[in-house]
Structures are given as C-alpha cells and as structure tokens.
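Asks: Throughout the sequence shown, residue numbering follows numbering that gives the first Met the number 0, covering 0 to 293 in sequence.
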Amino acid sequence: MSKPTLSKVVVPAAGLGTRFLPFSKVVPKEMLPIVDKPAVQYIAEEAVASGATQMLLVTSRHKESMEDHFDLAFELEAVLRERKKERELEMLSRLSQLISVAAVRQQQPLGLGHAVLCAKPWTGGEPIGVMLPDDLLEAPTPCMQSLWECFARFGYAMGVVALMEVPWEKTHQYGIAAVEHVDENVVRIRHIVEKPQSNPPSNLAVIGRYMLPPCIFSELEQTGRGAGGEIQLTDALARMLEAPGLLGYLFKGRRFDTGDKLGFLEANVAFALKRPELRAPFLAYLRQLLETEF
Ligand code: G1P
Numbered sequence: 000m001s002k003p004t005l006s007k008v009v010v011p012a013a014g015l016g017t018r019f020l021p022f023s024k025v026v027p028k029e030m031l032p033i034v035d036k037p038a039v040q041y042i043a044e045e046a047v048a049s050g051a052t053q054m055l056l057v058t059s060r061h062k063e064s065m066e067d068h069f070d071l072a073f074e075l076e077a078v079l080r081e082r083k084k085e086r087e088l089e090m091l092s093r094l095s096q097l098i099s100v101a102a103v104r105q106q107q108p109l110g111l112g113h114a115v116l117c118a119k120p121w122t123g124g125e126p127i128g129v130m131l132p133d134d135l136l137e138a139p140t141p142c143m144q145s146l147w148e149c150f151a152r153f154g155y156a157m158g159v160v161a162l163m164e165v166p167w168e169k170t171h172q173y174g175i176a177a178v179e180h181v182d183e184n185v186v187r188i189r190h191i192v193e194k195p196q197s198n199p200p201s202n203l204a205v206i207g208r209y210m211l212p213p214c215i216f217s218e219l220e221q222t223g224r225g226a227g228g229e230i231q232l233t234d235a236l237a238r239m240l241e242a243p244g245l246l247g248y249l250f251k252g253r254r255f256d257t258g259d260k261l262g263f264l265e266a267n268v269a270f271a272l273k274r275p276e277l278r279a280p281f282l283a284y285l286r287q288l289l290e291t292e293f
C-alpha cells in the first residue's frame, strides 16, 4: 500500500472580523492584503507546499469573495490575453490551479470547534490539517508539513498541534499547553486549556495549525460550550490527551497575527522587505521616516 499523504486542509473563515471594522464590513478580513496577496492565499500556498491538494473554506454569509479568489476569472484572463499581459496571465492561471477549493457554511457563530465540525462530511474519514487564516507563519519547512511529518512519525493516530512561546501576559488569548519533551522539537501534551484567565499552565500557546485524526469529530460532537460560550476546538483536543494522545510541534519560525492590526502591519512590512523589487525603495522610505519623524 502506498504511504498516506496529507491531502485535505480545513480553513475556518466564518468569523465576523470585528477587530477589522470598518474594513471587514463588506470584505472578509481573510482578504486583507499582505503586500499584494490576500492573507488566505498565503494559507493556501502553505497548504500546497505541505502536500495538500484540497482546501475547505468554512465560511458565512457575504464571504464568497474568498472562493472567487481561487476560481478561474475567465473574462479577466481574456482581456489580459488580448492585451498580451503574459506575466499577469500566468500568475492568475497558477492561482486558479493552486488547489481544489470547496466551501461550507457555518450557519451559526458557535465557535472554532463548531466550525471544524462543519467540515465532517467533506473529510470522508481522512485525517485533516486545520489552518487558521489569522496565523501567517514563515519557516524553511512549512509548519503544516512539519505537523504532517510528526503525525506520520507517530503512526497517524495522535493529534498534533503547533506550539510557540508567547509572553505570559498574553496567555489568556490562546490555547495553552503543559507538556513533556519527547525530543527537541516534539512534546507530548499533558494538559491543555483554552484562554486561561488565571494560572496558565505554561506560556506555550497553540498557534493556528493542527493535524487531526478523524476521531476529532466524535470528540467535538461531545464537547459542550466552553470559553466565551463557544464550542472550542481546544476542549475537544483535551478529550484526546489520554487516547489517542496529543503531540505538540515546537514551531521555530516567524509568526504574524494578521487578525490583529499591529500584526497585520508587521506582516506587511516584513513581506514587503522580502520582495526584491520593493526592498531597496521601501527600506529607504523606512529609514527616512525614522530619521524625520523621531
Ligand atoms: C484560536 C484558538 C486558540 C489558539 C488561537 C491561535 O483562538 O481557539 O486556542 O491559541 O486561535 O491563533 P482565536 O484567536 O480564534 O480567539
């Protein structure tokens, strides 16, 4: 039998995006540009770089533009062809073939756990990657691929989440894990709690990447409302600690929280500086700004 590979990722993207109003009134916050690509495209690119071929967007009303973004834009491509804009044409053609995209509606805002549960019929009993579009991650090996490798290494049974240290005063914003080391990069999670308001068990936070075996769905079905009155993915993960077990992969790259205004601005600066055509003039602008303004 051939070895299993990561094929399906679920991207929960149904949130109202209140932190980005008024922008997010009409345009989904997942469509905010990081330089010239929407945040959700970086997620799709990480999924593809990790081996995935199918992506399910869990959306809500007025968020169709995300699906449109990955679709073939027939009229636009025809105009570009007529105008001999080969580079743009090639870029759009690659985008529409990047990954197979499907969407399902989360009809009620019942939380992240509920959003993932909406994906159940689509997964067909396969393990899934879950990628939160607010977390933009940068590392030599894509984070989702590292999670898959860890999932495979331990027999395709235990769940794996990406973990990263956060400042102690921010632990109340995250799922927080208490762990035992397996090796330098992998830990076994012994305790996990969503957004602890006091006494966080550590400062190791779940960042938005998960590799989940199919049993996640029966756990979610039995998970009641937790923090914020929502069905929390973290609470379903807590039910897996003993069996089949939950691992943490210690992510060492850079993370941007693009759902936060400061994180969004930082991501734009960092990604603009990585573009060869923008780097020199943008750096010159930043230097001048720092000299004249401060
Ligand atoms: C979600 C998860 C939380 C995780 C965080 C990472 O929270 O519920 O466990 O640590 O994403 O970004 P949210 O940011 O949606 O409130």
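Virtual Cβ for every residue (Gly too), placed ideally from N, Cα, C.
Indicate the three-state DSSP secondary structure (helix, strand or coil) for M30 in the structure shown.
Replies: Within the sequence shown, numbered from 1, the residue matching residue 30 stands at position 31. Note: M30 maps to helix in three-state DSSP.
Asks: How many Å lie between D259 and S23 at the Cα?
Replies: Numbered from 1 along the sequence shown, position 260 holds the residue referred to as residue 259. Numbered from 1 along the sequence shown, position 24 holds the residue referred to as residue 23. Their backbone Cα atoms lie some 13 Å apart in a straight line.
Asks: Determine the contact status of I188 and L246, defining contact as a CB-CB distance below 8 Å.
Replies: Taking the sequence shown and counting its residues from 1, one reaches residue 188 at position 189. Taking the sequence shown and counting its residues from 1, one reaches residue 246 at position 247. Closer than 8 Å, so yes.
Asks: If you drop the 5 nearest sequence neighbours on each side, which residues of the same chain put their C-beta closer than 6 Å to that of L135?
Replies: Mapped onto the sequence shown, residue 135 falls at position 136. Within the same chain, L135 has close Cβ partners Y41, F255, T257, A266.
Asks: Indicate the three-state DSSP secondary structure (helix, strand or coil) for Y173 in the structure shown.
Replies: Locating residue 173 in the sequence shown gives position 174, counting from the first residue. Note: Y173 maps to coil in three-state DSSP.
Asks: Cβ-heavy atom distance between Y41 and the ligand G1P below 7 Å?
Replies: Indexing the sequence shown from 1 puts residue 41 at position 42. Checking every heavy atom of the ligand G1P against the Cβ of Y41, none is found closer than 7 Å.
Asks: On the CB-based measure, 16 or more other CB atoms within 10 Å of its CB, does Q172 come out buried or exposed?
Replies: Indexing the sequence shown from 1 puts residue 172 at position 173. Classification of Q172: exposed, given that the 10 Å Cβ count is below 16.
Asks: In whole angstroms, what separates the C-alpha of H190 from that of V178?
Replies: Residue 190 sits at position 191 when you count from the first residue of the sequence shown. Residue 178 sits at position 179 when you count from the first residue of the sequence shown. Answer to the nearest angstrom: the Cα atoms are 7 Å apart.
Asks: Any contact between the region 190-209 and the region 151-171? By contact I mean 3 or more CB pairs, one from each, below 8 Å.
Replies: With a cut-off of 8 Å, the region 151-171 and the region 190-209 count as touching, because enough Cβ pairs lie within range.
Asks: So who's on the other strand from L162, going by DSSP bridges?
Replies: By one-based count along the sequence shown, residue 162 stands at place 163. Paired residues: V205, L249.
Asks: Do P27 and M65 come within 8 Å of each other at the CB atom, strictly closer than that value?
Replies: Locating residue 65 in the sequence shown gives position 66, counting from the first residue. Locating residue 27 in the sequence shown gives position 28, counting from the first residue. Going by C-beta atoms, M65 is nearer than 8 Å to P27.
Asks: According to the Cβ coordinates, are M54 and A46 closer than 8 Å?
Replies: Here residue 54 corresponds to residue number 55 of the sequence shown, with the count starting at 1. Here residue 46 corresponds to residue number 47 of the sequence shown, with the count starting at 1. Closer than 8 Å, so yes.
Asks: For chain C, find out if any of its Cβ atoms is closer than 8 Å to the Cβ of V100; answer yes or no.
Replies: No chain C is part of this structure, which consists of one protein chain only.
Asks: Between P21, D35, V39, L20, which has its C-alpha nearest E29's C-alpha?
Replies: Start at 1 with the first residue of the sequence shown, and residue 29 comes out as number 30. The option with the nearest alpha carbon to E29 is V39.
Asks: Just the Cα atoms here: how many angstroms apart are A156 and P212?
Replies: Position 157 of the sequence shown holds residue 156. Position 213 of the sequence shown holds residue 212. In a straight line, the C-alpha of A156 is about 6 Å away from that of P212.
Asks: Within its chain, find whatever has a CB closer than 7 Å to the CB of V103; leave out the 5 residues flanking it on each side and keep chain order.
Replies: Position 104 of the sequence shown, counted from the first residue, corresponds to residue 103. Excluding sequence neighbours, V103 sits near L55, V57, C117, A118, W121.
Asks: When DSSP builds the beta bridges, which residues end up paired with A102?
Replies: For the purposes of this step, residue 102 is identified with residue 103 of the sequence shown, where counting begins at 1. According to DSSP, A102 bridges with L56.
Asks: Of the residues F263, Y284, G128, N198, which one's Cα is nearest the Cα of A43?
Replies: Numbered from its first residue, the sequence shown carries residue 43 at position 44. It is G128 whose Cα lies nearest to the Cα of A43.
Asks: Just to confirm the assignment, what range does the alpha helix (DSSP H) spanning D234 have?
Replies: In the sequence shown, the residue the question calls residue 234 occupies position 235. Where D234 is concerned, the enclosing alpha helix (DSSP H) stretches over 232-237.
Asks: Expressed to the nearest angstrom, what Euclidean distance is found between the alpha-carbon atoms of F270 and L261?
Replies: By 1-based counting over the sequence shown, the position of residue 270 is 271. By 1-based counting over the sequence shown, the position of residue 261 is 262. The alpha-carbon atoms of F270 and L261 are separated by roughly 14 Å.
Asks: My assumption, with CB atoms under 8 Å, is that L301 sits in contact with F69. Please give the rounded CB distance.
Replies: As displayed, the chain neither begins before 0 nor continues past 293, which places residue 301 out of reach and without an answer.
Asks: Between D133 and the ligand G1P, is the CB less than 7 Å from at least one heavy atom?
Replies: Working through the sequence shown from its first residue, we reach residue 133 at position 134. At least one heavy atom of the ligand G1P is nearer than 7 Å to the Cβ of D133, so yes.
Asks: Please state the DSSP three-state secondary structure of D256.
Replies: Here residue 256 is taken as the residue at index 257 of the sequence shown, counted from 1. Three-state result, D256: strand.
Asks: Around the Cβ of S197, are there at least 16 other Cβ atoms within 10 angstroms (buried) or fewer (exposed)?
Replies: If you number the sequence shown from 1, residue 197 lands on position 198. Exposed, by the Cβ-count rule.
Asks: Can you tell me whether E137 is helix, strand or coil according to DSSP?
Replies: As a position in the sequence shown, residue 137 is number 138, starting the count at 1. Residue state, collapsed to three classes: strand.
Asks: If you run the structure through DSSP and keep just helix, strand and coil, what is V157?
Replies: Against the sequence shown, residue 157 aligns to sequence position 158. A quick correction: the sequence has Met, not Val, at residue 157. Coil at M157, not helix or strand.
Asks: Out of I33, G110, A77, which has the shortest C-alpha to C-alpha gap to E229?
Replies: Here residue 229 refers to the residue found at position 230 of the sequence shown. For the residues I33, G110, A77, the minimum Cα distance to E229 belongs to G110.
Asks: Out of curiosity, what's the CA-to-CA distance linking Y284 and V100?
Replies: For the purposes of this step, residue 284 is taken as the residue at position 285 of the sequence shown. For the purposes of this step, residue 100 is taken as the residue at position 101 of the sequence shown. So the two alpha carbons sit approximately 39 Å from each other.
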